[in-house]
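See structure below.
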Amino acid sequence: MNPPNLITIMRAVMVPFVFWCLMTGRMQLALALFVVAGASDALDGYLAKRFSWQTELGAYLDPVADKLLLLSVFIALGTLKALPLWLVVAVVSRDILIIVAVVVSWLMNHPVRIQPHMLSKAHTLAQIVLASAVMANLGFGLGLDGFVLVLVWTTGLLTVLSLAAYLRTWLDHMSRAE
18 MNPPNLITIM RAVMVPFVFW CLMTGRMQLA LALFVVAGAS DALDGYLAKR
68 FSWQTELGAY LDPVADKLLL LSVFIALGTL KALPLWLVVA VVSRDILIIV
118 AVVVSWLMNH PVRIQPHMLS KAHTLAQIVL ASAVMANLGF GLGLDGFVLV
168 LVWTTGLLTV LSLAAYLRTW LDHMSRAE
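Counting in the working numbering, the final residue of the sequence shown is number 195, and the numbers go up one at a time with none missing.
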């Protein structure tokens with residue numbers, strides 16, 4: 018087990034603690050842990066590339082840890098009514114649909130490798146900024162309601178657009194199945 022994979026596993030282990038902090042109203046601690054998790058994501062990626070420590074395990078673990086963190090934060094913030102239900106449902110549904118598409122392609126013996134594209138990266142960035150802004154707003158009373166509203170709609174739009182891009186890639190791939 019190399020250092021980047023250990024860092025990724027530590028990030029995944031942080032997920033229930035972030036969720037617990039959110040659900041018990043410890044917004045400042047939740048935000049701090051969320052920032053540490055984000056920094057660990059950057060660190061494990063840097064180390065993997067810098068020292069050629071990239072592994073197949075890491076290629077799977079890293080996005081899973083990222084998704085677990087973001088989805089748990091969105092579900093917690095939705096449960097607390099800090100995010101609208103429609104957005105939480107859209108974000109969770111997008112990820113479920115992508116997973117189902119990948120599984121179907123494997124079951125049809127025509128596996129597809131999903132590579133993140135610019136829309137997906139923009140979507141992830143929007144999710145991170147939105148979650149951070151909501152936690153900061155709740156934890157520190159910053160009065161960011163207008164900014165958060167813009168981020169909610171931006172994240173919603175990027176959720177739909179990135180899902181459409183992934184599904185287009187998947188449909189193109191599956192249409193070439195023999």
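Just so you know, even glycine gets a beta-carbon here, dropped at the ideal spot from N, CA and C.
Kindly indicate which three-state DSSP category residue i falls into: helix, strand or coil?
{"i": "residue 129", "result": "coil"}
{"i": "residue 66", "result": "helix"}
{"i": "residue 80", "result": "helix"}
{"i": "residue 50", "result": "helix"}
{"i": "residue 71", "result": "coil"}
{"i": "residue 43", "result": "coil"}
Could you work out which residue in the options is closest to residue i when comparing CA atoms only?
{"i": "residue 60", "options": "192, 47, 44, 27", "result": "27"}
{"i": "residue 98", "options": "69, 63, 42, 35", "result": "42"}
{"i": "residue 109", "options": "40, 88, 67", "result": "88"}
{"i": "residue 139", "options": "172, 192, 82", "result": "172"}
{"i": "residue 68", "options": "168, 143, 19, 144", "result": "19"}
{"i": "residue 101", "options": "118, 148, 123, 80", "result": "148"}
{"i": "residue 23", "options": "74, 154, 48, 133", "result": "74"}
{"i": "residue 80", "options": "104, 194, 94, 55", "result": "55"}
{"i": "residue 168", "options": "151, 189, 39, 160", "result": "151"}
{"i": "residue 184", "options": "142, 118, 123", "result": "118"}
{"i": "residue 209", "options": "160, 128, 50", "result": "Because residue 209 is not part of the residues shown, which for the chain are 18 to 195, the question remains open."}
{"i": "residue 157", "options": "40, 36, 125, 44", "result": "44"}
{"i": "residue 187", "options": "128, 113, 159, 155", "result": "128"}
{"i": "residue 83", "options": "35, 155, 165", "result": "35"}
I'd like the span of the alpha helix (DSSP H) that includes residue i, first residue to last.
{"i": "residue 140", "result": "135-157"}
{"i": "residue 22", "result": "20-40"}
{"i": "residue 173", "result": "162-192"}
{"i": "residue 99", "result": "Note, residue 99: premise wrong, no alpha helix (DSSP H); not H, not E."}
Quick one: is residue i buried, meaning 16 or more other Cβ sit within 10 Å of its Cβ, or exposed?
{"i": "residue 21", "result": "buried"}
{"i": "residue 63", "result": "exposed"}
{"i": "residue 91", "result": "buried"}
{"i": "residue 58", "result": "buried"}
{"i": "residue 145", "result": "buried"}
{"i": "residue 193", "result": "exposed"}
{"i": "residue 32", "result": "buried"}
{"i": "residue 143", "result": "buried"}
{"i": "residue 130", "result": "exposed"}
{"i": "residue 162", "result": "exposed"}
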